[in-house]
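Here the structure is laid out as structure tokens; the discussion comes afterwards.
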Amino acid sequence: MICKGERDVKYSIMLSILFELLSNKSVSANYLADKYEISTRSVYRYLEDLEDAGVPLYTTRGRSGGISLVDTYRLSSTFMTVQEFEQTISALTAINDGVDNKVLESAILKLKSAVRKEYAGFNIESGNLIIDGGSWGDTIGYKTKLKVVQEAIDQNKKLSIIYHDRNGNSTTRTIDPHFILFKQGLWYAYAYCNLRETFRLFKIGRIESATILNETFQRKNVNKSDIDFEFWENNPESINVTMEISPSCLSDVEEWLGVENIKDENGKKIARAKLPFDNGLISKIMGFGKGIKVLSPNELKNEIKKNAEELIKNY
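2 is the number of the first residue of the sequence shown in the numbering used here; add one for each residue after it.
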């Protein structure tokens, strides 16, 4: 008996194979097996299921042969509802506004064209989702850096960047960018760092400049599942922080930590979160003045006291 999880994986692979066939003239069973990490026997079984569902396939034998769709087959736009089309187009448009990808823009135009042909007179409202990855100070410069990273990924080109770490040190590095990641409201480049000889996450906001080099790189055998999406929480330098929040800065702290992390306890607003223990956290807390009182841990309280005393000495 196939469990729900296995069935979902199967249907996901089948759908991916269908789109692969739609976008390519002909593919081999070995190619599909390698790409989706399944056996060739599974490939043929999935192809049989597609045929049973009405997808017309044919196989050409020989060295240049492969599995293809009949030339007249087209995927009808009715495989998604109007609302599904609208939400898909809206999401892709919002992402494209952030990374400005020409291929993605082309896909959006094709989707819009398909839905308009199928539903004559239907007006697509795709502006109900907005993603602005830029900083408050300079949105244009931020988006330009995102665009440069995306172009380097598309072309498998190495990037030369000037990068500032949390301690204020800047280094010039050559990186091989593989993915762009959006996490906790920030954009990152997931790239192989030639200086450290390992994969790192680079905050786009900490990149001073980025230049695409003429040198190409061989893409490493990594995929999205290899990325630690809990990198923030699992950072060994992260600590569990408990703070009392005053009404004067409650809304700002809610935007910083999220309203779900602030609770009413004995008539007080108490915030609990796991945060990176660095100078950035200390500066952030001190920026709220007397609006935040750190309750724990003691090492964070002591660091804030120490920084406050040093600040007083300056005056």
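C-beta atoms are modelled at their ideal positions from N, C-alpha and C, and glycine is treated no differently.
The beta carbon of serine 249 sits closer than 8 Å to the beta carbons of Gly292 from its chain, once the five residues preceding and following it are set aside; these are given in chain order.
Counting the other CB atoms within 10 Å of its CB gives tyrosine 191 a total of 16 or more, which places it among the buried residues. In this model, leucine 282 and leucine 58 are separated by some 58 Å (Cα to Cα). Assigned with DSSP and collapsed to three states, isoleucine 90 falls in helix.
In terms of Cβ geometry, leucine 147 and isoleucine 181 form a close pair [threshold 8 Å]. Comparing alpha carbon positions, the residue from Thr199, Lys204, Arg174 and Pro178 closest to tryptophan 188 is Lys204. Membership of leucine 251 in the alpha helix (DSSP H) is indicated by the continuous run 251 to 258.
Per DSSP, reduced to three states, the secondary structure at tyrosine 189 is strand.
Per DSSP, reduced to three states, the secondary structure at tyrosine 37 is helical.
In this structure, the straight-line span from the alpha carbon of leucine 110 to that of leucine 33 is close to 28 Å.
Within the stretch 255 to 285, complete beta strand (DSSP E) segments of at least 3 residues are found at 263 to 266 and 269 to 277, given in chain order. For asparagine 168, the three-state secondary structure derived from DSSP is coil. The beta carbon of alanine 153 lies closer than 6 Å to those of Leu160, Pro178 and Ile213 in the same chain, with the five residues before and after it left out. Taking all protein chains shown into account, valine 260 has fewer than 16 neighbouring C-beta atoms within 10 Å of its C-beta and is therefore exposed. Rounded to the nearest angstrom, the gap between the Cα atoms of serine 91 and glutamate 266 is 40 Å. Closest in C-alpha terms to glutamate 255, from the list Thr243, Ser239, Ala272 and Leu301, comes Ala272. By DSSP's assignment, methionine 244 forms a beta bridge with Ala272 and Val295.
In the displayed model, phenylalanine 289 falls within coil according to three-state DSSP, outside both helix and strand.
Take the alpha-carbon of lysine 158 and the one of cysteine 194: they are about 13 Å apart. Rounded to whole angstroms, glycine 268 and isoleucine 305 show a C-alpha spacing of 25 Å.
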